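Okay, structure first, notes after.
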Amino acid sequence: MQPFDRVVTEHGAVVLRVCRAVLGGHADAEDAWSETFLSALVAYPRLGPRADVRAWLVTIAHRKALDAIRAR
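Okay, structure coming up:
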């Protein structure tokens with residue numbers, strides 16, 4: 001399993017695109033990005049070695065973006 005900071009570097013742009021796609025160019029997209037990686041950091045040690053990290057992060061990002069919409 002690669003170090004988490006490398007995961008953020010490799011997938012950060014994709015996660016931000018997902019957040020912006022759901023939330024628009026709104027500042028909430030950056031908050032959702034942060035929330036995504038905070039949640040991922042907590043769960044990352046339990047992620048299986050064969051897991052599709054990108055798909056996993058996209059799912060988290062989508063859910064965090066929807067949470068932001070609900071909170072508006």
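Counting along the sequence shown from 1, when you hit position 67 you're at 67 in UniProt numbering, and nothing is skipped either side.
Beta carbons are placed, not taken as given, at the ideal position from N, Cα and C, and that holds for glycine.
Because the structure is a prediction, the values reported are computed rather than measured.
- Counting along the chain, aspartate 31 sits inside the alpha helix (DSSP H) bounded by residues 28 to 43.
- Scanning Ala29, Ala21, Gly25 and Leu57 for the CA closest to the CA of valine 42 turns up Leu57.
- Counting the other Cβ atoms within 10 Å of the Cβ of phenylalanine 4 gives fewer than 16, which makes it exposed.
- Close CB contacts of glutamate 35 within its chain, under the 6 Å cut and outside five residues either way in sequence, are with Lys64 (chain order).
- By the neighbour-count definition (other C-beta atoms within 10 Å, threshold 16), aspartate 52 is an exposed residue.
- Closest option to alanine 29, judged by alpha-carbon separation, among Gln2, Arg46 and Leu16: Leu16.
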